[in-house]
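Peer 1: Got a structure here, written out as C-alpha cells. Questions coming.
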Amino acid sequence: MKGIIVKGVGGLYYVKAGNEVYECKARGRFRKDDIKPMVGDRVEIDINGKGEGFIKEILPRSNCMIRPAVANVDQIIVVFSVTNPDPNLLYIDKLLLMCAVNNIEAVICINKVDLDENDLCHYYGDIYAKAGYKVLFTSTKNGKGIDELENVMKDKTSALAGPSGVGKSSLLNAIQPDLNLKTGDVSVKANRGKHTTRHVELLQLKSGGYVLDTPGFGAIDLDFLTRKDVVKNYPEFKAYEGKCRFADCLHILEPGCVVKEALKEGKIGSERYNNYLRIQEEVGMAEERRYD
Ligand SMILES: Nc1nc2c(ncn2[C@@H]2O[C@H](COP(=O)(O)OP(=O)(O)OP(=O)(O)O)[C@@H](O)[C@H]2O)c(=O)[nH]1
Ligand SMILES: [Zn+2]
Numbered sequence: 015m016k017g018i019i020v021k022g023v024g025g026l027y028y029v030k031a032g033n034e035v036y037e038c039k040a041r042g043r044f045r046k047d048d049i050k051p052m053v054g055d056r057v058e059i060d061i062n063g064k065g066e067g068f069i070k071e072i073l074p075r076s077n078c079m080i081r082p083a084v085a086n087v088d089q090i091i092v093v094f095s096v097t098n099p100d101p102n103l104l105y106i107d108k109l110l111l112m113c114a115v116n117n118i119e120a121v122i123c124i125n126k127v128d129l130d131e132n133d134l135c136h137y138y139g140d141i142y143a144k145a146g147y148k149v150l151f152t153s154t155k156n157g158k159g160i161d162e163l164e165n166v167m168k169d170k171t172s173a174l175a176g177p178s179g180v181g182k183s184s185l186l187n188a189i190q191p192d193l194n195l196k197t198g199d200v201s202v203k204a205n206r207g208k209h210t211t212r213h214v215e216l217l218q219l220k221s222g223g224y225v226l227d228t229p230g231f232g233a234i235d236l237d238f239l240t241r242k243d244v245v246k247n248y249p250e251f252k253a254y255e256g257k258c259r260f261a262d263c264l265h266i267l268e269p270g271c272v273v274k275e276a277l278k279e280g281k282i283g284s285e286r287y288n289n290y291l292r293i294q295e296e297v298g299m300a301e302e303r304r305y306d
C-alpha cells in the first residue's frame with residue numbers, strides 16, 4: 015500500500031494511505047543504507063496480521079530539505095506584508111534562492127494589502143513578476159486573494175515561509191479555520207528556561223493537498239553555497255545563459271555581459287540585481303573562508 019508520511023515522532027512514522035493514518039516503523043535496512051524516512055516521503059507500507067505497520071520502501075524524492083526536515087515539497091509560498099512589518103527584500107531574495115537551490119517552486123504572496131494606502135503592493139509585486147514568479151495579493155482582514163491562494167495550494171504539498179508577523183498563520187486560518195495549527199508546544203526544562211519543541215507535520219487541506227506546519231524558516235544560512243550556485247538560481251538570468259562573453263560570467267564586472275546589458279535596458283529589475291550583488295558578496299566571502 016502506498017502512502018505519505020505526515021508526521022514522525024521518536025522512530026514512529028504516521029503514514030496517510032487512503033483515508034487512514036497508520037502508525038509505522040521503519041525497516042532496519044533504511045538505517046543501514048543511511049536513509050531515514052522523512053515527513054513528506056512517499057512510501058510503500060505493509061500492515062501485518064497484528065495491525066502493525068512497516069515502511070517497506072521509500073520512493074525517490076523530488077527534493078528534500080534539512081531545516082525544516084521534509085521531503086517532496088511542491089512549492090514554498092514566500093509571504094511578506096506590504097507594511098507592518100515593511101518587507102525586507104534581501105531576506106525575500108535569499109528565501110527565493112534557497113527554494114531554487116533546493117529545486118522547489120516558489121510563489122510570492124504579498125499580504126496585508128488592506129493596509130496598502132500607497133499602492134506599494136504593485137511596486138513589490140512587479141519586482142517578482144518580472145523575475146518570473148507567480149505573485150498573489152492577499153488580506154486576511156478583507157478576504158482578498160484568499161480563494162486564489164487556496165487554489166494555488168490545492169492538491170500540492172506546500173510550505174509557507176517568510177518573516178515573523180507577516181500573517182502566515184492568519185492566511186492558513188483564513189483558508190481553513192480548523193487546520194489546528196500548533197503554536198509551539200512550550201516545555202520548561204529545569205534551569206534552562208523555555209524550549210519550544212516542535213516536530214514537522216503535514217496537515218491535510220480540505221481542498222486537497224498538504225501544508226507544512228512550521229514556524230517560518232528562521233535565519234537563512236547561505237554559507238554552504240558557491241557563487242556559481244547563486245548565479246544559476248536566478249530565474250531571470252536563465253534567458254541569457256551562455257550568451258555572455260565568458261562562459262563562467264557572474265554578471266558582476268565582466269566585460270561583454272548580456273545580463274548587465276539587460277539590466278541597463280530595464281529587462282532585469284534593479285532591486286533584484288542589487289540584492290543579487292549583496293548575496294554574491296556574502297557567498298563569495300564564505301567561499302573564501304572555506305578555502306583558507
Ligand atoms: N491588517 C492586516 N493584519 C493582518 C493580516 N494578516 C495577519 N495580520 C495580523 O498580523 C499579525 C501577525 O499575524 P500572524 O498570522 O501571527 O503572522 P505569522 O507570519 O504567522 O507570524 P509568526 O508566527 O511570528 O511567524 C496578527 O496581529 C494578525 O492579526 C492582514 O491581511 N491584514
Ligand atoms: Zn554576464
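Mind the numbering: the sequence shown is residues 15 to 306 in this note's numbering, read in order.
Glycine residues also receive a C-beta, built at the ideal position from the N, C-alpha and C atoms.
No experiment lies behind these values; they were computed from the predicted model shown.
#1: Are the beta-carbon atoms of ASP60 and ALA85 separated by less than 7 Å?
#2: So what's ARG309 in DSSP terms, helix, strand or just coil?
#3: Just checking my contact of VAL121 with TYR147 at CB under 8 Å: how many whole Å lie between their CB atoms?
#4: For ASN125, does the count of other Cβ atoms within 10 angstroms reach 16, so buried, or fall short, so exposed?
#5: Given that a residue counts as buried once 16 or more other Cβ atoms are within 10 Å of its Cβ, and exposed if not, what is LYS16?
#6: What are the start and end residues of the alpha helix (DSSP H) that includes GLN190?
#7: Are there 16 or more other CB atoms within 10 angstroms of the CB of ASP227, so buried, or fewer, so exposed?
#8: Output the distance between the C-alpha atoms of ILE19 and ASN116, rounded to the nearest integer angstrom.
#9: From the DSSP output, in three-state form, read off ILE160 for me.
#10: Could you pull out every unbroken beta strand (DSSP E) segment of at least 3 residues lying fully inside the stretch 90-163, listed in chain order?
#11: Based on Cα-Cα distance, which residue from ALA145, HIS136, CYS135, THR97 lies nearest to ALA114?
#12: Counting pairs of Cβ atoms below 8 Å between the stretch 245-263 and the stretch 129-139, do you hit three or more?
#13: Return the chain-ordered list of same chain residues with a C-beta closer than 7 Å to the C-beta of TYR27, the five sequence neighbours on each side being excluded.
#14: Could you say which of VAL92, VAL53, ARG81 lies nearest to LEU73 if we only look at CA atoms?
#15: Using a 10 Å radius around the Cβ and a threshold of 16 neighbouring Cβ atoms, would you call GLU131 buried or exposed?
#16: Would you say the stretch 73-83 touches the stretch 158-165, given that touching needs at least three Cβ pairs under 8 Å?
#17: List the endpoints of the continuous alpha helix (DSSP H) containing LEU277.
#18: With 16 other CB atoms within 10 Å as the buried threshold, where does GLU215 fall?
#19: Counting only the same chain and skipping the five closest in sequence on each side, list residues whose C-beta sits under 8 Å from that of ASN205.
#20: Where DSSP assigns a beta bridge to THR171, which residues make up the other side?
#21: Kindly indicate which residue of ASP133, LYS168, ALA175 has the alpha-carbon position closest to the one of VAL92.
#22: State buried or exposed for LYS168, treating a residue as buried only when at least 16 other CB atoms are found within 10 Å of its CB.
#23: Where does THR152 land, buried or exposed, given buried means 16+ other C-beta within 10 angstroms?
#24: Taking just the CA atoms, how far does VAL149 sit from SER201?
#25: If you reduce the DSSP assignment to three classes, tell me which class GLU34 lands in.
#26: What first and last residue would you give for the alpha helix (DSSP H) that runs through GLU66?
Peer 2: To lay it out plainly:
#1: no
#2: Because the chain in this structure spans residues 15 to 306, residue 309 falls outside the shown range and cannot be described.
#3: 7 Å
#4: buried
#5: exposed
#6: Neither: GLN190 is in no alpha helix (DSSP H) and is coded neither H nor E.
#7: buried
#8: 20 Å
#9: helix
#10: 119-125, 148-151
#11: ALA145
#12: no
#13: ILE19, CYS38, ALA40, PRO51, ILE69
#14: VAL53
#15: exposed
#16: no
#17: 272-278
#18: buried
#19: Unreliable positioning characterises ASN205 in this predicted model, as indicated by a pLDDT of 38, which lies under 50. The coordinate reading is nonetheless provided below. Excluding sequence neighbours, ASN205 sits near nothing in its chain.
#20: TYR224
#21: ALA175
#22: exposed
#23: buried
#24: Model confidence at SER201 stands at a pLDDT of 40, short of 50, so the residue's coordinates are unreliable; what they give is reported in the following sentence. C-alpha separation (whole angstroms): 38 Å.
#25: strand
#26: Premise fails: GLU66 is in no alpha helix (DSSP H) and is neither H nor E.
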